[in-house]
Amino acid sequence: MGKFLRMALPPIALGLLVTGHYIGLAVAPPDREMGDVQRIMYAHVPAVWIALMALTINFICSVVYLFKPSWKTDSLAEASAEVGLLFGTVGVLLGAIWGRPTWGVYWTWDPRLTTAAILLVSYMGYMALRRFVEDPEKRAVWSAVVGIIAAVDLPIIWYSVKWWRSLHQVQSSPKTVDPEMVLPLRISAFAFLAFMILFILHRYRIALHERQAEVALPDALPTDGPQANRTPGVV
Amino acid sequence: MSALMTLTVLAQAAAGEVGSGRIQGGWGYVWVSYGITWGAFALYSLSLWLRRPKNSPAGPKE
Amino acid sequence: MTPVARNRLILVGALLVAGAGLAVVAFGKIGDNLVYYWSPAEMLGQGEKAYGPTIRLGGVVKPGSIQWNAEHTTLHFHVATDHTPGSASVLVRSTEVPPQMFRDGIGVVVEGTFDKSQVFASNRLMVNHSNEYRAPKPGEEPRKWQETVEGSTTASATGAQ
């Protein structure tokens, strides 16, 4: 499964991205009011969606790790947080660029932008924590706790535009977006999804490899099972 | 009639009139946005490749 | 306690903290204290308390109220609480060129100060877009229109020289 995905996914992801962005940039009509600037939507919106999805995976991994410790879950948590941070950063940067011609400003501390900034800072902290804690088991437990707490921001970001007054508009739906624009948005979203899976898969391999090297070190905790990479409490 | 109105709007826009409610141009913002996106994907792919597990050629079993 | 039991206890604790945090944000009154902008009706309702501090005022541009002086780049318009004709409104003075999206009836947020002259002096004008994205109506050609505008601007600029 992993090998097949690694082989088949790059062309699928690239193909979807080229298709989605080509339609978005060259085929779809400009917006009546925003003109061509609206085309930023086909990159900004999928980036944020996928960031929220990747960080939701991180939350699930954090919960699962604490319930049933495993280096695989910990590695997947690390991978999904980093990939989520990548997509989140792209989404926020593109939002700022889109804001300049539309709103007139790159940035303002409205609820949506503020909660998005908190998200980036939280997961930067998460990644920093992972880097600075040397004991793999402590790192896994502590980062799982941080992953659960930081995930509180995910629904807050989503609902921020509904709960509070903001400059950012509320979510669009196919009713408020013309079909010619929904199509490239959908294709781009699937392209970003494919890239997310691809990135997480490769990042997971790196993380798992690092974990196995760490726990195989001679000064690691004594092993009691037949597997060399066993530590107490970690299956 | 609508052509005449368009002309009026055009004249206003050319005279620097505000309140048209429409963004003209702005492709620069679009290209910078897509450049950041594609660049981020490319750079992250490169970083994954550079960090790839090295000492076991077959890679860890999944 | 075994490590697994300890981890599960930590899990319950973390989930409780997260759930409580979310509940406070969702059902608490945070929004009442951290308001991104005031509506004209709310600001006027504050009376003299609104005079002085930098505040954000949000609403819609009252149709027909835009007055733009290109020479001095001064802009005057009324911000109304909503689209109903009689809703409370405030006169705003701005000295910057507004974003191109600015027009009658569009949502705006202005940052600035209000005083007893009843004029809101804005030093930052932001326009908010709705969640609607539409193709141009038949006959509308934003891009052609744009090219013509650019052409005519260039023409008038060269003409002026």
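The listed protein sequences correspond, in order, to chains P, Z and H. Heads up: the first sequence begins at 1 in this note's numbering, then just goes up one per residue. Heads up: the second sequence begins at 1001 in this note's numbering, then just goes up one per residue. Heads up: the third sequence begins at 2001 in this note's numbering, then just goes up one per residue. Even for Gly, the Cβ is constructed at its ideal location relative to N, Cα and C. Predicted, not measured: the structure shown is a model, and the values here were computed from it.
Contact check for residue 146 of chain P against residue 120 of chain P fails: the beta carbons are separated by 8 Å or more. The C-beta of residue 1020 of chain Z comes closer than 8 Å to at least one C-beta of chain H. If you draw a straight line from the Cα of residue 1028 of chain Z to the Cα of residue 39 of chain P, it comes to about 11 Å.
In this structure, the beta-carbon distance from residue 51 of chain P to residue 95 of chain P does not fall below 8 Å. Around the CB of residue 8 of chain P, fewer than 16 other CB atoms lie within 10 Å, so the residue is classed as exposed. Beta bridge pairing from DSSP links residue 2111 of chain H with H:2056 and H:2124. Here residue 2056 of chain H is near residue 2111 of chain H, since their CB atoms are less than 8 Å apart. Taking a Cβ-Cβ cut-off of 9 Å, the neighbours of residue 2124 of chain H in chain P comprise 104, 105 and 108, given in sequence order.
Annotation: the continuous beta strand (DSSP E) that includes residue 2091 of chain H extends over 2089 to 2094. At a beta-carbon threshold of 8 Å, the residues of chain P lying near residue 1048 of chain Z are 199, 202, 203 and 206, ordered along the chain. The beta carbons of residue 1021 of chain Z and residue 33 of chain P sit closer together than 8 Å.
Between the beta-carbon of residue 85 of chain P and that of residue 2011 of chain H there is about 23 Å, and that puts the pair past the 8 Å contact cut.
Scanning the stretch 17 to 50 of chain P for uninterrupted alpha helix (DSSP H) segments of 4 residues or longer gives nothing; none is fully contained. The beta carbon of residue 43 of chain P is closer than 6 Å to those of 94 in its chain, skipping five residues each way along the sequence.
Around residue 74 of chain P, the same chain offers 65, 140 and 211 as residues with beta carbons nearer than 7 Å, after the five sequence neighbours per side are excluded. Within the model, the alpha-carbon separation for residue 2077 of chain H versus residue 112 of chain P is close to 27 Å. Taking the beta carbon of residue 1040 of chain Z as reference, the chain P residues within 7 Å of it are 86 and 90, listed in sequence order.
By DSSP's assignment, residue 2067 of chain H forms a beta bridge with H:2076.
Residue 2038 of chain H is bridged by DSSP to H:2057. In this structure, residue 15 of chain P sits away from residue 188 of chain P, with a CB-CB distance that is not shorter than 8 Å. In its chain, beyond the 5 residues on either side, 28 have a beta carbon closer than 6 Å to the beta carbon of residue 181 of chain P. For residue 144 of chain P, the uninterrupted alpha helix (DSSP H) segment begins and ends at 136 to 150.
At the C-beta level, residue 161 of chain P and residue 168 of chain P come within 8 Å of one another.
Put simply, the CB of residue 136 of chain P is far from chain H, with every gap to its CB atoms at 8 Å or more. Segment contact: the stretch 2037 to 2055 of chain H against the stretch 2079 to 2092 of chain H, three or more CB-CB distances shorter than 8 Å; contact assigned. The Cβ atoms of residue 2106 of chain H and residue 2092 of chain H lie no closer than 8 Å to each other. Listed along chain H, the residues sitting closer than 7 Å to residue 169 of chain P by beta-carbon distance are 2128, 2129, 2130 and 2131. With respect to chain P, the C-beta atom of residue 2134 of chain H has a partner C-beta closer than 8 Å. With a cutoff of 8 Å on beta-carbon distance, residue 2083 of chain H and residue 2119 of chain H are scored as not near each other.
Flagged as an interface residue toward chain Z: residue 36 of chain P, by a C-beta distance shorter than 8 Å. Contact between residue 148 of chain P and residue 115 of chain P does not hold, since their C-beta atoms are separated by about 17 Å, which reaches or exceeds 8 Å.
A Cβ-Cβ distance of about 4 Å is found for the pair residue 2058 of chain H and residue 2109 of chain H, placing them in contact under the 8 Å criterion. Using a CB distance below 8 Å, the part of the stretch 2070 to 2083 of chain H facing chain Z consists of 2070 and 2075, ordered along the chain. Residue 63 of chain P sits in a helix when the DSSP states are folded into three classes. The criterion of a C-beta distance shorter than 8 Å is not satisfied by residue 153 of chain P and residue 200 of chain P. Ranked by how close their Cα comes to the Cα of residue 2096 of chain H, the residues H:2115, H:2068 and H:2015 have H:2068 in first place.
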